[in-house]
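Here the structure comes first, spelled out in structure tokens, and everything after it is commentary.
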Amino acid sequence: MLLPPKVTPRAFERLAAINAKEPAPKALRVAVEGGGCSGFQYDLKLEAAPAADDIVIAGEGEMAAQKVLIDPVSLPFLQDAVIDYTQELIGARFVVQNPNATSSCGCGISFSM
1 MLLPPKVTPR
11 AFERLAAINA
21 KEPAPKALRV
31 AVEGGGCSGF
41 QYDLKLEAAP
51 AADDIVIAGE
61 GEMAAQKVLI
71 DPVSLPFLQD
81 AVIDYTQELI
91 GARFVVQNPN
101 ATSSCGCGIS
111 FSM
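Residue numbers for the sequence shown follow UniProt numbering, beginning at 1 and rising by one.
Here it is in structure tokens:
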């Protein structure tokens with residue numbers, strides 16, 4: 001059985017801050033697609049509603065309204081991964097820490113397995 005990735009409280013907090021400015025809350029979709037400089041790449045975007053077959057990861061407590069969506073095709077690539085939010089000198093962004101990736105490019109968006 002494939003387990004969904006973990007989402008950090010910091011990622012849910014940032015999603016809540018983004019949604020505070022939206023007329024209706026949106027979910028963060030994390031998908032894996034072919035392409036990028038290493039073979040696969042992450043596609044992160046906001047969506048209004050989950051698809052019928054999405055895995056929905058909801059925050060806990062005050063963050064229960066915040067949701068992360070994973071499609072069933074991307075799930076095997078994201079097993080045991082951690083979705084986080086980071087702020088660095090180069091900017092702030094959602095990141096995927098994926099133990100399944102054997103290598104990744106400098107930007108952290110592209111990886112190989």
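Think of the CB as a built atom: it goes at the ideal place given N, C-alpha and C, for glycine as much as any other residue.
Asked, Found
"Lys6 to Lys21 span [Cα, whole Å]", "25 Å"
"Opening and closing residue of the alpha helix (DSSP H) in which Ala16 lies", "Pro9 to Ala20"
"Among Val73, Asp53 and Leu15, the one whose alpha carbon lies nearest that of Lys45", "Leu15"
"Test item: CB-CB of Asp71 and Asn100 under 9 Å", "no"
"Exposed unless 16 or more other CB atoms sit within 10 angstroms - verdict on Ala65", "exposed"
"Counted within 10 angstroms of its Cβ, other Cβ atoms place Ile90 as buried (16 or more) or exposed", "exposed"
"Closer than 8 Å: Pro76 CB and nearest the ligand NAD heavy atom", "With respect to small molecules bound, the structure shown includes none, and the ligand NAD cannot be examined in it."
"Sequence-distant residues of the same chain with beta carbon closer than 8 Å to Met113, five excluded per side", "Its pLDDT being 47, under 50, Met113 is placed unreliably by the model, and nothing is read from it."
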